[in-house]
Amino acid sequence: MTKALTVDKLLYTPVEAAHALGLSRSTIYVLMASGEVPSVHIGSSRRIPADGLRRYVATLYRLRAPAAASRSTRFAYAQVEVQAGRGQHVDEGVDAEEVDLAPGEI
Numbered sequence: 095m096t097k098a099l100t101v102d103k104l105l106y107t108p109v110e111a112a113h114a115l116g117l118s119r120s121t122i123y124v125l126m127a128s129g130e131v132p133s134v135h136i137g138s139s140r141r142i143p144a145d146g147l148r149r150y151v152a153t154l155y156r157l158r159a160p161a162a163a164s165r166s167t168r169f170a171y172a173q174v175e176v177q178a179g180r181g182q183h184v185d186e187g188v189d190a191e192e193v194d195l196a197p198g199e200i
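In the working numbering, the protein residues as written are 95 to 200.
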């Protein structure tokens, strides 16, 4: 019996990233140009690291939960994260690298 090798996708095309985030392709190019979403060049192609997409999404969560938000608002954000299966509270004090998003949850 042969075991199938599963490899998590590490790089996304701008179209794949747009689909994963629910944005347009042109919006992804704007985000790449501004540096909000990192990208790498491979030959003449541009690719977006999966980790870069996760950090971008984590940044959005931090921006939406302002420091002056009430405890109940921050608790609601924590509940959304736990219910989504991410298993970690995303708050102003959490580095983007600490956000635990499983592959495929971009």
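Ideal Cβ placement from N, Cα and C applies to all residues, glycine included.
Please state the DSSP three-state secondary structure of residue i.
i: serine 138; result: coil
i: proline 143; result: strand
i: leucine 99; result: coil
i: glutamine 177; result: Since pLDDT at glutamine 177 reaches only 45, below the 50 mark, its modelled position is unreliable, and no value is offered.
i: leucine 105; result: strand
i: valine 151; result: helix
i: alanine 190; result: Note on alanine 190: pLDDT 45, under 50, position unreliable in the model; the coordinate value appears next. DSSP places alanine 190 in helix when its eight states are reduced to three.
Is it the case that the Cβ atoms of residue i and residue j are separated by a distance below 8 Å?
i: arginine 141; j: valine 131; result: no
i: alanine 111; j: serine 118; result: no
How is the alpha helix (DSSP H) around residue i delimited, first residue to last?
i: leucine 125; result: 119-128
Am I right that residue i and residue j are in contact with their C-beta atoms under 8 Å? What's the rounded C-beta distance?
i: proline 143; j: leucine 115; result: Not quite, the Cβ-Cβ distance comes to about 14 Å (not below 8 Å), so this is no contact.
i: leucine 147; j: tyrosine 106; result: 7 Å
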